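**Student:** One structure, pasted below without further comment.
There are 2 protein chains.
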Amino acid sequence: MGAGLDEFGLIARYLAPLAGPGGLGLLDDAALLQPTPGNDLVLTKDMIIAGVHFLDDDPPGMIAAKLLRVNLSDLAAKGARPRAYLLGLALPAGIDEAWIAAFARGLADDQQTFGIELLGGDTTATQGPVVLSLTAIGEVPVGTMLRRGGARAGDLVAVSGTIGDGMLGLEASLGQLPGLAPGDAAWLRDRYLRPQPRLALGARLRRWATAGADVSDGLIADLGNIARASGLSAELDLSLVPLSPQAMAALAVRPELAARIPTGGDDYELVITLAPSDLVRLQVESDPPLTIIGKMVSGKTGIVTDEKGQPLGPGGYRHFGS
Amino acid sequence: MGAGLDEFGLIARYLAPLAGPGGLGLLDDAALLQPTPGNDLVLTKDMIIAGVHFLDDDPPGMIAAKLLRVNLSDLAAKGARPRAYLLGLALPAGIDEAWIAAFARGLADDQQTFGIELLGGDTTATQGPVVLSLTAIGEVPVGTMLRRGGARAGDLVAVSGTIGDGMLGLEASLGQLPGLAPGDAAWLRDRYLRPQPRLALGARLRRWATAGADVSDGLIADLGNIARASGLSAELDLSLVPLSPQAMAALAVRPELAARIPTGGDDYELVITLAPSDLVRLQVESDPPLTIIGKMVSGKTGIVTDEKGQPLGPGGYRHFGS
Numbered sequence: 110m111g112a113g114l115d116e117f118g119l120i121a122r123y124l125a126p127l128a129g130p131g132g133l134g135l136l137d138d139a140a141l142l143q144p145t146p147g148n149d150l151v152l153t154k155d156m157i158i159a160g161v162h163f164l165d166d167d168p169p170g171m172i173a174a175k176l177l178r179v180n181l182s183d184l185a186a187k188g189a190r191p192r193a194y195l196l197g198l199a200l201p202a203g204i205d206e207a208w209i210a211a212f213a214r215g216l217a218d219d220q221q222t223f224g225i226e227l228l229g230g231d232t233t234a235t236q237g238p239v240v241l242s243l244t245a246i247g248e249v250p251v252g253t254m255l256r257r258g259g260a261r262a263g264d265l266v267a268v269s270g271t272i273g274d275g276m277l278g279l280e281a282s283l284g285q286l287p288g289l290a291p292g293d294a295a296w297l298r299d300r301y302l303r304p305q306p307r308l309a310l311g312a313r314l315r316r317w318a319t320a321g322a323d324v325s326d327g328l329i330a331d332l333g334n335i336a337r338a339s340g341l342s343a344e345l346d347l348s349l350v351p352l353s354p355q356a357m358a359a360l361a362v363r364p365e366l367a368a369r370i371p372t373g374g375d376d377y378e379l380v381i382t383l384a385p386s387d388l389v390r391l392q393v394e395s396d397p398p399l400t401i402i403g404k405m406v407s408g409k410t411g412i413v414t415d416e417k418g419q420p421l422g423p424g425g426y427r428h429f430g431s
Numbered sequence: 110m111g112a113g114l115d116e117f118g119l120i121a122r123y124l125a126p127l128a129g130p131g132g133l134g135l136l137d138d139a140a141l142l143q144p145t146p147g148n149d150l151v152l153t154k155d156m157i158i159a160g161v162h163f164l165d166d167d168p169p170g171m172i173a174a175k176l177l178r179v180n181l182s183d184l185a186a187k188g189a190r191p192r193a194y195l196l197g198l199a200l201p202a203g204i205d206e207a208w209i210a211a212f213a214r215g216l217a218d219d220q221q222t223f224g225i226e227l228l229g230g231d232t233t234a235t236q237g238p239v240v241l242s243l244t245a246i247g248e249v250p251v252g253t254m255l256r257r258g259g260a261r262a263g264d265l266v267a268v269s270g271t272i273g274d275g276m277l278g279l280e281a282s283l284g285q286l287p288g289l290a291p292g293d294a295a296w297l298r299d300r301y302l303r304p305q306p307r308l309a310l311g312a313r314l315r316r317w318a319t320a321g322a323d324v325s326d327g328l329i330a331d332l333g334n335i336a337r338a339s340g341l342s343a344e345l346d347l348s349l350v351p352l353s354p355q356a357m358a359a360l361a362v363r364p365e366l367a368a369r370i371p372t373g374g375d376d377y378e379l380v381i382t383l384a385p386s387d388l389v390r391l392q393v394e395s396d397p398p399l400t401i402i403g404k405m406v407s408g409k410t411g412i413v414t415d416e417k418g419q420p421l422g423p424g425g426y427r428h429f430g431s
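In C-alpha cells, the structure reads:
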C-alpha cells in the first residue's frame with residue numbers, strides 16, 4: 110500500500126470510525142449482527158473493478174457512493190431495509206492515503222444518508238487494478254421479500270422514474286454530448302455517478318408487487334430476468350418507457366442514442382410486475398412515479414418482446430423509437 | 110470470460126447447483142437467510158488474490174477449499190456454527206470453463222464437509238489477476254460470540270494443535286525442503302494447502318475461553334491482536350509452542366527455519382485465553398489438544414514479549430529456539 114500505510118494503520122485511521130456496534134471497532138476479524146426478531150435477512154454482493162466499472166481517476170468518494178448504492182439498489186428491489194455492510198478492498202501500490210481518506214469520507218456520508226453501518230471486511234494488496242467488493246445486509250418481515258420469480262401471466266409491468274439517464278450520463282461524462290445544455294449534462298452525469306436506490310419505494314412495493322428487480326443491466330435484461338425466473342415472457346411497449354426532460358434534450362442532440370435507452374443500464378430504477386387489480390395503487394406512487402410499460406404473458410420463458418411479439422434483446426433495441 | 114461463457118451460463122451451469130434454498134437458485138440478485146431464533150449472526154469476509162495468496166497454477170479445487178476454509182477459520186475463532194456464504198469472482202480472460210468447473214467441485218466438496226450452502230454473489234471480468242472474495246455467515250446463541258477483546262490480566266494463553274506447519278508446508282511446496290522424507294513433506298504441504306478450521310473446538314471454547322483468534326497471520330501477530338483488543342500485553346514462552354513431528358523433521362533439515370515458526374502464519378489453529386481456574390478444562394480437549402504457551406499481563410497494550418519481557422515482533426523471532 111502507498112505511503113507506508115500498513116493494513117492496521119489504514120483500518121484504524123479510516124475504517125474503524127465507520128464501524129457500528131456490530132463491527133466491534135474492527136478489532137475482531139468477524140462481526141456481530143443481531144437480527145431483528147420476526148425478520149428475514151436479505152444479502153447481496155456486488156464487486157466493482159477499476160477500468161471496468163469506474164475509471165482510475167474518478168473521485169474516490171464518488172466510487173464509494175456508487176459501490177454502496179448499487180448494492181443498496183439490490184436491497185431496494187427486494188423491499189428490504191438496509192442495515193449494514195462488509196467491505197473488501199484490493200488495492201495496488203499506486204493508491205495513497207489521500208485516496209483512502211476520500212473513499213472513507215464517501216462511505217461515511219452515505220452511511221448517514223441510508224442509516225447503515227460498516228461491520229467489517231478485508232484489505233489486501235494487489236498487483237492488479239483496484240477491486241472493491243461489498244456485501245450488503247438488509248431485513249424484511251418474515252416471508253415478505255420481493256422476488257424476481259413471482260410474476261403471473263396477465264400481470265402488468267411498471268417501471269419507476271425515468272429510463273436511459275444512466276447511459277446518457279455516461280455519454281455526457283465521456284464528453285459525447287457536446288451540444289447539450291450544461292445543466293442538463295450535469296443532471297444526467299449525476300444520475301450516472303450517484304444512483305438513488307429506491308429503498309422507500311421498494312418497501313411499499315413489497316406489499317403488493319408480484320415481482321421486482323432493479324434496472325442495473327438495462328431495462329430489457331432486467332425485465333428478462335423477471336421473465337426467466339417467473340417462467341414467462343414479457344411484452345414491452347417501448348413507446349411507453351418514461352424519459353426525463355434531460356434525456357429528451359440529449360436525444361435531440363444525438364437521436365441515434367434512442368436505440369440504446371432500453372438496454373443501457375445503470376438507471377437503478379425498479380421494474381416490477383403487478384396484478385391488473387392493483388393498477389389503482391400506482392396512482393399514489395409519486396416518489397418516483399411508476400409507469401406501466403408492458404405485461405407478462407405465458408409462452409416462451411425469459412424472452413422480452415415488443416408489443417407486436419418481436420423479440421427484443423441485444424439486437425432488439427433497433428425497434429426503439431421507430 | 111474464456112470459452113465464450115457468459116455470466117449467466119457460468120452461474121447456471123456451475124454455481125446454481127451449489128445454492129441452497131436461501132440462494133433461490135441464484136435467479137435473484139439477493140439472497141434470503143432466515144436466522145435461527147435466539148441466535149446472533151457472525152459475519153466475516155476475506156479476499157484472496159492470484160500471485161499474493163495463491164499461485165496461478167494451483168489446482169482450482171484447492172484454491173476453492175482454501176478460500177472457504179480461511180473464512181470458516183474466522184468463524185471457528187468466534188465459536189460460530191457456519192451456515193452459508195456469498196462469493197465474488199473477478200476473473201481474467203485466461204480463466205476457462207475447466208478452471209471454473211474444478212473450482213465449483215472444490216466448493217461442492219467443502220459444502221458437504223462443513224454443512225453450508227451458497228447464497229449468492231457476483232461474477233465479473235477483470236484485466237488483472239483472479240480476485241476471490243467470500244463472505245461467510247455463521248450463528249452463535251445470543252451474546253455468546255467469542256471475541257478478541259475479552260482477555261483479563263492473569264489469564265493463561267493456549268494454542269490448539271501444532272504451530273509452524275503452514276509456513277513449513279509452503280517451504281515444502283516451493284521445493285525448499287529437499288532433504289525431508291516425502292511423507293513428511295506431503296503432510297506439511299497438506300497443512301498449508303487445506304486448512305482445517307477448528308469449528309467443533311471453537312464451539313466448545315465459546316463456553317469458557319475469555320478471548321480467541323485464529324492463527325492466520327502468525328502466532329505472535331494474532332496473539333498481539335488479542336492483546337491489543339484486550340488492552341493488555343501477552344507473555345509467550347516460545348519453548349512451549351507445540352510442534353508436529355513433521356515440523357521437527359523439517360527443522361532437522363533446515364534449523365534456521367525455527368526462527369520463523371512463531372511468525373509464519375497459515376496454521377489456522379486457535380489461540381485463546383482462559384482463566385487459570387479453567388486450566389483443568391484443557392485436559393479434556395484432544396481434537397486437537399490445547400497447549401499452554403503463556404499468559405496475559407497488564408502494562409503496555411498490544412505487545413507480545415518472551416518470558417523475560419523482551420518484545421517479540423517482526424524482529425523478535427530471533428529469540429526463538431535460542
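Taken in sequence, the protein lines are chains L and H.
So in the numbering used here, spot 207 of the first sequence is number 316, and the numbers just go up one at a time.
So in the numbering used here, spot 261 of the second sequence is number 370, and the numbers just go up one at a time.
Built from N, CA and C at the ideal position, the CB exists for glycine as well.
Since the model is a prediction, treat every value here as computed from it, not as a measurement.
1) Please name the residues in the stretch 201 to 217 of chain H whose beta-carbon is closer than 9 Å to at least one beta-carbon of chain L, in chain order.
2) Less than 8 Å between the CB atoms is what I'm expecting for Gly374(L) and Gly327(L), so what's the real figure, rounded?
3) Please state the DSSP three-state secondary structure of Gly275(L).
4) Output yes if chain H places a C-beta closer than 9 Å to the C-beta of Arg256(L); else output no.
5) Between which two residues does the beta strand (DSSP E) containing Leu379(L) stretch?
6) Alpha carbon to alpha carbon, what distance is there between Gly170(H) and Arg214(H)?
7) Could you tell me which whole alpha helix (DSSP H) segments of length 4 or greater appear in the stretch 335 to 363 of chain H?
8) Give the straight-line distance between the Cα atoms of Lys154(L) and Lys409(H), rounded to the nearest whole angstrom.
9) Hey, out of Asp166(H), Ser348(H) and Leu227(H), whose CA is closest to Ala207(H)'s CA?
10) Glu206(L) lies in the beta strand (DSSP E); which residues open and close that run?
11) Val380(L) and Ile335(L) look like a contact to me (Cβ under 8 Å); what is the Cβ gap, rounded to whole Å?
12) Grab me the residues of Phe429(H)'s own chain with a C-beta within less than 7 Å of its C-beta, minus the 5 sequence neighbours each way, in chain order.
13) Bridge partners for Leu243(H) per DSSP, in chain order?
14) Once DSSP output is grouped into helix, strand and coil, what is the label at Arg316(H)?
15) Just checking: is the beta-carbon of Ser431(H) within a distance shorter than 9 Å of some beta-carbon in chain L?
16) For Ile401(L), name the three-state secondary structure that DSSP assigns.
17) Could you give the distance in angstroms between the alpha-carbon of Gly183(L) and the alpha-carbon of Ala322(L)?
18) Can you tell me whether Tyr426(L) is buried or exposed, with buried defined as 16 or more other CB within 10 angstroms of its CB?
19) In whole angstroms, what is the alpha-carbon distance linking Leu216(H) and Leu124(H)?
20) Residues in the same chain with beta-carbon distance under 6 Å from Asp219(H), minus the five sequence neighbours each way, listed in chain order, please.
21) Which bits of chain H does Leu184(L) rub up against, with CB to CB less than 8 Å?
22) Could I get the ranges of all uninterrupted beta strand (DSSP E) runs contained in the stretch 120 to 191 of chain H, with 3 residues as the minimum, in chain order?
23) Are there three or more Cβ pairs, one per stretch, closer than 8 Å when the stretch 286 to 304 of chain L is compared with the stretch 257 to 277 of chain L?
24) Counting only Cβ-Cβ distances shorter than 9 Å, please list the residues of the stretch 159 to 179 of chain H near chain L, keeping chain order.
25) Roughly how many angstroms separate the alpha carbons of Gly252(L) and Gly229(L), rounded to a whole number?
26) Per DSSP, what are the beta-bridge partners of Leu439(H) in this structure?
27) From this set, Leu150(L), Val240(L), Ala128(L) and Val268(L), which residue's C-alpha is nearest Ala202(L)'s C-alpha?
28) Excluding the 5 residues preceding and the 5 following Ala356(H) in the sequence, name in chain order all residues of the same chain whose CB lies nearer than 6 Å to its CB.
29) Report the three-state DSSP secondary structure of Ser325(H) (helix, strand or coil).
30) Please decide whether Ile412(H) counts as near chain L, where near means a Cβ-Cβ distance under 9 Å.
31) Establish whether the CB of Ile246(H) and some CB of chain L are separated by less than 9 Å.
**Tutor:** Result, derived from the coordinates:
1) Pro201
2) 4 Å
3) helix
4) yes
5) Leu379 to Leu383
6) 6 Å
7) 354 to 362
8) 40 Å
9) Asp166(H)
10) Taken as a continuous stretch (DSSP letters only), Glu206(L) belongs to no beta strand (DSSP E), being part of the alpha helix (DSSP H) at Glu206 to Phe223.
11) 7 Å
12) Unreliable placement is indicated for Phe429(H), whose pLDDT of 33 sits below 50; no coordinate value is reported for it.
13) Asp155(H) and Leu196(H)
14) coil
15) With a pLDDT of 28 at Ser431(H), under the threshold of 50, the predicted position of this residue should be treated as unreliable, though the coordinate-derived value follows. Chain L, which has no Cβ nearer than 9 Å to the Cβ of Ser431(H), makes this no.
16) strand
17) In the sequence on display, residue 183(L) carries Asp and not Gly. Asp183(L) and Ala322(L): Cα-Cα distance of roughly 7 Å.
18) Because Tyr426(L) carries a pLDDT of 38, less than 50, the predicted location of this residue cannot be relied on, and the following value inherits that uncertainty. Burial call: buried.
19) 9 Å
20) Ala174 and Leu177
21) Ala139
22) 140 to 142 and 148 to 158
23) yes
24) Ala159, Gly160, Val161 and His162
25) 28 Å
26) Since the first and last residues shown for chain H are 110 and 431, residue 439(H) lies out of range.
27) Val240(L)
28) Gly273, Asp274 and Leu277
29) coil
30) no
31) yes
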